[in-house]
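Colleague: According to the working numbering, the sequence shown is numbered sequentially starting from 950. A virtual CB, placed ideally from N, CA and C, is assigned to each residue, including glycine.
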Amino acid sequence: MSAPKSIRNFCIIAHIDHGKSTLADRLMEISGTLEKREIQSQTLDNMDLERERGITIKLTPVRMEWKGVELNLIDTPGHVDFQYEVSRSLASVEGAVLVVDATQGIEAQTLSNVYLAMENDLTIIPVLNKIDLPSADVDRVSTEVMNLLGCKKEDIICVSAKTGVNVESILDAVLERMPEPKKLSKESILIGHDDTENESGVTKALIFDSQYDTYKWVVVYLKLFSGEIKKGDKLEFINTGAKIEALEVGCFRPKYSPTGVLYEGEIGYVVTGLKTLADARVGDTIFSGPQESKIAIDGFKKITPYIFAWVYPVDTDEYPTMKDAMEKLKLNDSSLVTEHEASPALGYGFRCGFLGLLHLDIVKERLWREYSMDVIITSPQVTYKVLIIGDKRGEYPRAAPELIEFGGRTCTYLWISNPEDLPKPGTYIHIEEPIAKVEMITPNEYIGNLMGLAQERRWVFKNQTYLDASRVVLHYEIPMAELVGDFYDDLKSLSSGYASLHYEPLRYQVDDIVCLDILVAGERVDAFSAMCHRSRARMFGNRICEKLKEHIPKAQFAIAIQAAIWGDVIARETISALRKDVTAKLYGGDITRKRKLLEKQKEGKKKMKQFGKVSIPSETFVNILKK
950 MSAPKSIRNF
960 CIIAHIDHGK
970 STLADRLMEI
980 SGTLEKREIQ
990 SQTLDNMDLE
1000 RERGITIKLT
1010 PVRMEWKGVE
1020 LNLIDTPGHV
1030 DFQYEVSRSL
1040 ASVEGAVLVV
1050 DATQGIEAQT
1060 LSNVYLAMEN
1070 DLTIIPVLNK
1080 IDLPSADVDR
1090 VSTEVMNLLG
1100 CKKEDIICVS
1110 AKTGVNVESI
1120 LDAVLERMPE
1130 PKKLSKESIL
1140 IGHDDTENES
1150 GVTKALIFDS
1160 QYDTYKWVVV
1170 YLKLFSGEIK
1180 KGDKLEFINT
1190 GAKIEALEVG
1200 CFRPKYSPTG
1210 VLYEGEIGYV
1220 VTGLKTLADA
1230 RVGDTIFSGP
1240 QESKIAIDGF
1250 KKITPYIFAW
1260 VYPVDTDEYP
1270 TMKDAMEKLK
1280 LNDSSLVTEH
1290 EASPALGYGF
1300 RCGFLGLLHL
1310 DIVKERLWRE
1320 YSMDVIITSP
1330 QVTYKVLIIG
1340 DKRGEYPRAA
1350 PELIEFGGRT
1360 CTYLWISNPE
1370 DLPKPGTYIH
1380 IEEPIAKVEM
1390 ITPNEYIGNL
1400 MGLAQERRWV
1410 FKNQTYLDAS
1420 RVVLHYEIPM
1430 AELVGDFYDD
1440 LKSLSSGYAS
1450 LHYEPLRYQV
1460 DDIVCLDILV
1470 AGERVDAFSA
1480 MCHRSRARMF
1490 GNRICEKLKE
1500 HIPKAQFAIA
1510 IQAAIWGDVI
1520 ARETISALRK
1530 DVTAKLYGGD
1540 ITRKRKLLEK
1550 QKEGKKKMKQ
1560 FGKVSIPSET
1570 FVNILKK
C-alpha cells in the first residue's frame, strides 16, 4: 500500500437529532465506501442503544475516497453530555461539516460545537439538512447560519441526507475548502500543513479514542502526525511509558480494515496487545524515534466530570463481575471516571464521575445490556470546594487536598463530592459550589416560563440575544447542582419541547451549602445523605422522608424518619407501630383485665423503642435509590 497523494480529515458536528448519522450514511453510499444494501439507518452507530434512542453516543471514524483523495470522517455525538467526544474529534481533524436542521435552525449545541471548532482553528462548511420537509425554512435558517459564521449564502450547502439530494456537493466542498493535514513542529506543536517539514525518522500519533475488543484486547484510535506505523513496529506511549508491538495496523471502512501501514496525516487504528486502560490513555502520544524528539503532542484537555454518583450491584455477590464490567466500560468510554467505594448499607461498589445525567443513564443501561448487571445508583452530587483551616492533606487524602494561603493563614482546599467526607461545622471557613455558564435557546412565547424556572433554581440572568424575530438566546449563570435531578424534564415541559440548552463549568463561588442527613429511628443513614443549598434542603428532606415512609416496613414500635442539617431537624415523617390485639383471647370479664394487658403492651413498646434497632431492607435502598 502506497502513501496517499492527498488527504482530508474532517468531522460532522451538530445539535442532537439534526441528521449527522444519516448524512454519514449518505456520504458512505455516494463515495462507494459501502454498497446501498450494506447501509442501514445510523450505520456508524455500533450500539443497539444508539439506534433505539436515535442518538450518537460514541464518536466513530470511517475512511472514504472521493475523486482520488482519501477522506477520513469522524461522526460525533450531538448531546451536551458527550461534548468530550466532540472535543477529541476536533483535535484530530482539520475541518468540520456543520449540520443544521432546516426546520429547527440554530440550537444550543450548535453554538457550542461551532465555538469548539473555531478554538481548534478548523475550516467549517455549513450544511442545511432536511430541506425536503414541508416545515423547512431555508431562508430563515440560512440567515441564522450567516450571522453565526459570518459566511456568504452561497457558502451554505442545502441537502437532504435522507433522500441524498445535493449530498455530493459536500464531498466536493471538502476537497476544495479544507486544508491538508497539519504537521508538527520540533516542539510537537501543531502548525499549518505547508509551513515546514517534519523531523525525519520520528513517528508521533495522537490517541483520540480506544476500544476493548474481546479478541484483540486494547485497540487505540489515532491520528498520525508524523512518520509512519507498520505492522510489527516497536512503539512507546510517552506519558504512560508502556511499550508495545503493533500487532495490527489499519483503517475504518467502517469496521476494522487491516492495511499493514499508516502514513503521515492518516487516521486509523493499532492493535496494541495491552489489557488495561492505564497503559493506553486517551490523549497520550504514540512515539518512535530518537530520545531527544520524545516530546508529547499538545493534545486535548483532560476530562473533568460534572457530577458524581455511587454505583452498587443489587446483588452484593456480583461485585467482582461489576468490577470487570467497569474496567471494560472505562476503556470504551474515556469520559467515565471510577474509584472503588464501600458502604455499610450497600456493600462494595464504585464512585463514578459523569459528564451529565444522560451519560449516567447510558452507563447504567450499558451495564445491564452488555454485562447483565442490575445496579443501584445513588442521588447524583456535584463536587464542592471546602476551605479548611490548617494543613489537612494527611487527614483528607481522597479529597485532592490543595495547600493555599488565605487571610495570612495556611489553609487547605478540599474537593468534596461525598457528604461523608464533609468536615464538621466550625472546622472550615466556607464551602464553594460550582457555577456553570448556560445558553438556552427558546421561542419567544416560552421566555416567561423559562425565566420562572430560572428564578426557582437560583439562576442569575446575564443577558439575552436574538437569533431572529421568533427565537432568543438566554444567557444565565447557574449552580451546577440545579442541573441535577428533574431539570431537563421541567425545561422541556415548560417549552413544549422546543427549548435547547448548553452548559459548561465557569467557576466556584462561596454559598450557604449544608449537609442534609437522613435519620431513621435516630440512626444516620449514609446512603441517603446529600449536600445542597440551605434554601433547597427542606424540600429535599421532605421528599426523601415521604419516600422512606412508603417503603420501610412497620415494626412493633413507631419509627421516626427525620431530615436534619447539622443535627437540627427540618422534616419528619412517622411510621406508626404495628398493633397486636393482646386482648383477643379474653372472653368477657372485668374491663380492668383488658386495661392491664394494654398498659403492659404500651410499656413494652416504650422499651422496644428505646433499645430496638430498625433494619432497613435492601429492597428499600433499591426502591429509593435505583434510577
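So, helix, strand or coil for K1172, using DSSP?
Modeller: The count along the sequence shown starts at 1 and reaches residue 1172 at position 223. Note: K1172 maps to strand in three-state DSSP.
Colleague: Look at the alpha carbon of P1586 and the alpha carbon of I1178, and state the distance between them as a whole number of angstroms.
Modeller: Any property of residue 1586 remains undetermined from this structure, which presents the chain solely from 950 to 1576.
Colleague: Considering only the alpha carbon of each residue, which of E1394, L1432, A1403 lies closest to A1418?
Modeller: Taking the first residue of the sequence shown as position 1, residue 1418 is located at position 469. Comparing Cα positions, the closest option is E1394.
Colleague: Would I1187 and T1234 qualify as a contact pair, given that the criterion is a beta-carbon distance under 7 Å?
Modeller: Here the question's residue 1187 lines up with position 238 in the sequence shown. Here the question's residue 1234 lines up with position 285 in the sequence shown. Yes, they are a contact pair.
Colleague: From V1042 to T1009, what does the alpha carbon distance come to, in whole angstroms?
Modeller: Against the sequence shown, residue 1042 aligns to sequence position 93. Against the sequence shown, residue 1009 aligns to sequence position 60. Looking at the two C-alpha atoms, the distance is approximately 13 Å.
Colleague: Could you please give the first and the last residue of the uninterrupted beta strand (DSSP E) stretch that includes K1496?
Modeller: Numbered from 1 along the sequence shown, position 547 holds the residue referred to as residue 1496. Careful: K1496 lies outside any beta strand (DSSP E), inside the alpha helix (DSSP H) at 1483 to 1500.
Colleague: Suppose the cutoff is 6 Å on Cβ atoms and the five residues either side in sequence are ignored; what does the same chain contact list for L1423 look like?
Modeller: By 1-based counting over the sequence shown, the position of residue 1423 is 474. So the list reads M1389, Q1413, once near-sequence residues are dropped.
Colleague: Could you spell out where the alpha helix (DSSP H) holding W1515 opens and where it closes?
Modeller: For the purposes of this step, residue 1515 is taken as the residue at position 566 of the sequence shown. From DSSP, W1515 is part of no alpha helix (DSSP H); its letter is neither H nor E.
Colleague: Once you ignore the five residues that flank P1207 on each side, which residues in its own chain have a CB closer than 6 Å to its CB?
Modeller: Locating residue 1207 in the sequence shown gives position 258, counting from the first residue. Excluding residues within five positions, the ones whose Cβ falls inside 6 Å are E1197, G1199.
Colleague: Applying the 10 Å Cβ sphere with the 16-neighbour rule, what's the burial state of F1257?
Modeller: The residue you call residue 1257 lines up with position 308 of the sequence shown. Looking at its Cβ environment, which holds 16 or more other Cβ atoms inside 10 Å, F1257 is buried.
Colleague: Would K1503 pass as a contact of L1527 if the rule is Cβ separation under 7 Å?
Modeller: If you number the sequence shown from 1, residue 1503 lands on position 554. If you number the sequence shown from 1, residue 1527 lands on position 578. Cβ distance < 7 Å, so K1503 and L1527 count as in contact.
Colleague: State yes or no: is the C-beta of V1018 within less than 7 Å of the C-beta of S1061?
Modeller: Counted from its first residue, the sequence shown places residue 1018 at position 69. Counted from its first residue, the sequence shown places residue 1061 at position 112. Cβ atoms of V1018 and S1061: not closer than 7 Å.
Colleague: With respect to the beta strand (DSSP E) encompassing I1353, which residues constitute its N-terminal and C-terminal limits?
Modeller: The residue you call residue 1353 lines up with position 404 of the sequence shown. Run containing I1353: 1351 to 1355, per the beta strand (DSSP E) assignment.
Colleague: If the criterion is Cβ atoms closer than 7 Å, does the pair M1480 and C1464 meet it?
Modeller: Here residue 1480 is taken as the residue at index 531 of the sequence shown, counted from 1. Here residue 1464 is taken as the residue at index 515 of the sequence shown, counted from 1. Yes.
Colleague: Assuming H967 contacts D1050 (C-beta within less than 8 Å), just tell me the rounded distance between them.
Modeller: As a working mapping, residue 967 is identified with position 18 in the sequence shown. As a working mapping, residue 1050 is identified with position 101 in the sequence shown. That pair is a contact at about 4 Å.
Colleague: Compare the Cα-Cα distances from F1355 to each of I1337, S1366, L1295, N1367 and report the closest residue.
Modeller: The residue given as residue 1355 occupies position 406 in the sequence shown. It is I1337.
Colleague: Would you call the region 1271 to 1279 in contact with the region 1232 to 1246, where contact means no fewer than 3 C-beta pairs closer than 8 Å?
Modeller: Output reads no: the region 1232 to 1246 does not touch the region 1271 to 1279.
Colleague: Who pairs with R1012 in a beta bridge, going by DSSP?
Modeller: As a position in the sequence shown, residue 1012 is number 63, starting the count at 1. R1012 is bridged to N1021.
Colleague: What does the Cβ neighbour count give for T942, buried or exposed, with the cut at 16 atoms within 10 Å?
Modeller: One cannot answer for residue 942 here, as it falls past the ends of the chain, which runs 950 to 1576.
Colleague: Pull up the distance between the alpha-carbon of V1219 and that of R1089, whole angstroms please.
Modeller: Here the question's residue 1219 lines up with position 270 in the sequence shown. Here the question's residue 1089 lines up with position 140 in the sequence shown. One C-alpha to the other measures close to 45 Å.
Colleague: What are the uninterrupted segments assigned as beta strand (DSSP E) that are 3 or more residues long and contained completely in the region 1398 to 1456, given in chain order?
Modeller: Complete beta strand (DSSP E) runs here, min 3: 1409 to 1415, 1420 to 1428.
Colleague: Output needed for A1122: all residues of its chain with C-beta closer than 8 Å, excluding positions within five of it in sequence on either side, in chain order.
Modeller: Here the question's residue 1122 lines up with position 173 in the sequence shown. Counting only Cβ-Cβ distances below 8 Å, and skipping sequence neighbours, we find I1074, I1106.
Colleague: In whole angstroms, give me the CA-to-CA distance for S1175 and K1334.
Modeller: As a first step, residue 1175 must be located in the sequence shown, where it is residue number 226. As a first step, residue 1334 must be located in the sequence shown, where it is residue number 385. Computed Cα separation, rounded: 42 Å.
Colleague: Could you round the C-beta distance between E1381 and V1324 to whole angstroms and report it? I think they count as a contact, below 8 Å.
Modeller: One-based indexing of the sequence shown puts residue 1381 at position 432. One-based indexing of the sequence shown puts residue 1324 at position 375. Not quite, the Cβ-Cβ distance comes to about 31 Å (not below 8 Å), so this is no contact.
Colleague: With a threshold of 8 Å, are at least 3 pairs of Cβ atoms found where one atom belongs to the region 1310 to 1323 and the other to the region 1429 to 1444?
Modeller: Result no; under three Cβ-Cβ pairs closer than 8 Å.
Colleague: What is the rounded straight-line gap between the Cα of D1466 and the Cα of V1518?
Modeller: Along the sequence shown, one-based indexing puts residue 1466 at 517. Along the sequence shown, one-based indexing puts residue 1518 at 569. Approximately 9 Å between the Cα atoms of the pair.
Colleague: Give the list of continuous beta strand (DSSP E) stretches no shorter than 3 residues that lie fully inside the region 1290 to 1323.
Modeller: As far as the region 1290 to 1323 is concerned, its whole beta strand (DSSP E) runs of at least 3 residues are 1296 to 1303.
Colleague: If distances are taken between C-alpha atoms only, which option among G1044, K969, L1295 comes closest to P1128?
Modeller: Position 179 of the sequence shown holds residue 1128. For the residues G1044, K969, L1295, the minimum Cα distance to P1128 belongs to G1044.
Colleague: Mind pulling the alpha helix (DSSP H) runs of 4 or more residues that sit fully within the region 1036 to 1095?
Modeller: As far as the region 1036 to 1095 is concerned, its whole alpha helix (DSSP H) runs of at least 4 residues are 1057 to 1068.
Colleague: Just the C-alpha distance for A1110 and P1346, rounded to the nearest angstrom, thanks.
Modeller: The residue you call residue 1110 lines up with position 161 of the sequence shown. The residue you call residue 1346 lines up with position 397 of the sequence shown. Each residue's alpha carbon lies about 53 Å from the other.
Colleague: Inspect the beta-carbon positions of E1056 and S1449 and report whether they are closer than 7 Å.
Modeller: As a first step, residue 1056 is located in the sequence shown; it is residue number 107 there, counting from the start. As a first step, residue 1449 is located in the sequence shown; it is residue number 500 there, counting from the start. Cβ atoms of E1056 and S1449: closer than 7 Å.
Colleague: Return the CA-CA distance between D1081 and S1091, expressed in angstroms with no decimal places.
Modeller: To locate residue 1081, count along the sequence shown from 1; it is residue 132. To locate residue 1091, count along the sequence shown from 1; it is residue 142. Using only the alpha carbons, I get a separation of about 15 Å.
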